[in-house]
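Residue numbers for the sequence shown follow our numbering, beginning at 708 and rising by one. Backbone N, C-alpha and C fix where the C-beta goes; we use that ideal spot for every residue, glycine too.
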Amino acid sequence: LGRRINSAMSELTRSNVVDEKAIDNMLKEICTALLESDVNVKLVATLRNNIKKKINFKDQGPNVNRRRLAQKAIFDELCALVDPHINEKGEGAFKPRKDRSNVIMFVGLQGAGKTTSCTKLALWYQRRGFKVGLVCADTFRAGAFDQLKQNATKAKIPYYGSYTETDPVVVAAEGVARFKQEKFNLIIVDTSGRHRQESELFAEMVQISEAVKPDQTIMVLDASIGQAAESQSKAFKESSNFGAIILTKMDGHAKGGGAISAVAATNTPIVFIGTGEHIHDIEPFTPDQFVSKLLGMGDMRGLVDHVKHLNLDQKETMKHIEQGIFTVRDLRDQMSNIMKMGPLSKMAGMIPGMGQLMGQIGEEESDNRFKRMMYIMDSMTEKELDSDGKIFVSEPTRVTRVAKGSGTSVIEVEQLLSQQRTMARMVKQVGGKKARPKIKRLRA
Ligand code: GDP
Ligand code: MG
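Okay, here's the thing in structure tokens:
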């Protein structure tokens, strides 16, 4: 979809005469692309009319940049299509507050990404200073509690669930009560989903909702379900009256069109998008960012926000660099920082023009190499990590041991140590200068 809209837009940019016919052609292209990506027919018609109305050239003076006008109209109209539509009551603008216990309940079909998104959202708020707890109210699917437990443990988030209690309403109520008593700020309740929109699922959802009285109900929607998004979200809206949507699997080849229809049909905002299977793969949804990406304009704001919230720990290394030191541990910390940022392709997708370039580079391979380097350093002793690497020269058997312990090869360990030496040399040059006493300049 993005590519087609993009090509339609650039066609317009290339053509010298921006007349009504050129605009009409471009609109036709864009509308076809939207229809193909499962956006509802009526919605597309409305969009088309609105854009046409906005770029009525007759009302504009001769000096108006028609191209810019047309592009802006399309951009604005696409944004309006996915806009949160926050009403006067502030509905859809839910923000958990730290001075109370907020309860969020997740609903959605099985496989939509509820359990994954629960943990992602929990971690997202935990990093922003919230005391977050997860409650597993999925007693329907075997292994559901184990999945949540595993996710939560990885992210160091307290969780509640039961292997013996079969009534999800009881587990949900107990879990929420427990966390409320312990003054948690944010309690996220994961529920079970069924394959289809079955009546028992909806009945169960209503019962859990009545038991935990959520401040917010979030529907999790798989971006790849296409046209079904509309009927599905309508059915969920009727029974659970969710106030927000999390759109998952936006990293795949999903056609986001279904989501646009879901937003329009339920008048409910998308609040976050899931962009991968990893626990950090969640981003707040903003219409202009979404549309920018759709139109291939890149997403610098998303990138800056992403990096800012990773809590990258640079302190020790910065101190070391100033002193002209660079240990193996410094190398590990820097690499772990880079890995926290997530797959390079995703970062690149946020930089205008970089996405296409990245497609040609072997992502998986570099990712793999990174991981093996981390395994190597994880197999080292504390003393070795804090050393400048020379310790291995006097004790070559340690290289073999580390290679064995990390499941890598001696060559790889040596390559890593050589990388660290290169960095250390560079740091010594840079930091060495800084560490030298400053020469005071006197002014006459
Ligand atoms: P649930 O049944 O709704 O709880 O769904 P799960 O959370 O168990 O997720 C179902 C599958 O979708 C799992 O394999 C997840 O790893 C995967 N998944 C969830 N969110 C995303 C996402 O944003 N991107 C990708 N690529 N996979 C996702
Ligand atoms: Mg689940």
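- Note on geometry: alpha-carbon atoms of Tyr-832 and Cys-825 lie some 11 Å from one another.
- By the criterion of at least three beta-carbon pairs nearer than 8 Å, the region 804-813 is not in contact with the region 854-862.
- Rounded to the nearest angstrom, the Cβ distance from Asp-897 to Thr-822 is 5 Å, consistent with a contact under 8 Å.
- In the structure shown, Phe-837 falls within a coil segment according to DSSP collapsed to helix, strand and coil.
- Below 8 Å, too few C-beta pairs join the region 951-960 and the region 912-919 to call them touching: fewer than three.
- At the C-beta level, Ile-895 and Ile-811 come within 9 Å of one another.
- Taking 8 Å as the cut-off, one finds no heavy atom of the ligand GDP near enough to the beta carbon of Ser-947.
- Here Arg-1036 really is in contact with Asp-1093; their C-beta atoms are around 6 Å apart, less than 8 Å.
- Distance from Ser-968 to Leu-750 at the Cβ level is roughly 6 Å; contact confirmed, criterion being Cβ atoms closer than 8 Å.
- When C-alpha distances from Met-1042 are compared across Met-1025, Met-1080, Asp-731 and Ala-910, the shortest belongs to Met-1080.
- For Tyr-1082, the secondary structure class from DSSP, reduced to helix, strand or coil, is helix.
- Of the residues assessed, Val-748 falls on the exposed side of the cut-off, its CB having fewer than 16 other CB atoms within 10 angstroms.
- Here Leu-928 carries a strand assignment [DSSP, helix/strand/coil].
- Phe-886 and Gly-840 have their alpha carbons spaced roughly 7 Å apart.
- Burial check for Pro-875: the Cβ neighbour count within 10 Å reaches 16 or more, so the residue is buried.
- Residue burial annotation: Met-1133 is exposed, with fewer than 16 other C-beta atoms found within 10 angstroms of its C-beta.
- In terms of Cβ geometry, Thr-924 and Val-814 form a close pair [threshold 9 Å].
- With a threshold of 8 Å, the Cβ atom of Ser-824 counts as near the ligand GDP, since some heavy atom of the ligand is closer than that.
- Under the DSSP assignment, Val-1109 falls in the alpha helix (DSSP H) whose first and last residues are 1103-1113.
- By the neighbour-count definition (other C-beta atoms within 10 Å, threshold 16), Val-1120 is a buried residue.
- A straight-line Cα-Cα distance of about 23 Å links Ser-940 and Ala-851.
- For Gln-854, the shortest separation between its Cβ and any heavy atom of the ligand GDP lies below 8 Å.
- For Glu-881, same chain residues with a beta-carbon under 6 Å away, outside a window of 5 residues either side, do not exist.
- Ala-936 is the residue among Gly-983, Ala-936 and Val-978 whose C-alpha sits nearest the C-alpha of Ala-966.
- If you draw a 10 Å sphere on the C-beta of Thr-1107, you find fewer than 16 other C-beta atoms in it, and that means exposed.
- For the ligand MG, no non-hydrogen atom lies closer than 8 Å to the CB of Asp-1040.
- From the listed residues Met-1025, Lys-944, Ile-730 and Ile-932, the smallest Cα separation to Lys-956 is found for Ile-932.
- With the rule of 3 Cβ pairs closer than 8 Å, the region 860-869 does not count as touching the region 776-785.
- DSSP places Glu-990 outside any alpha helix (DSSP H); the residue lies instead in the beta strand (DSSP E), whose first and last residues are 989-991.
- In the displayed model, Phe-813 falls within a strand according to three-state DSSP.
- For Asp-1095 and Ile-864, the gap between their C-alpha atoms comes out near 36 Å.
- The C-beta distance from Lys-759 to Leu-734 rounds to 7 Å, short enough to fall under 8 Å.
- C-alpha of Gln-1136 to C-alpha of Gly-1031: approximately 7 Å in a straight line.
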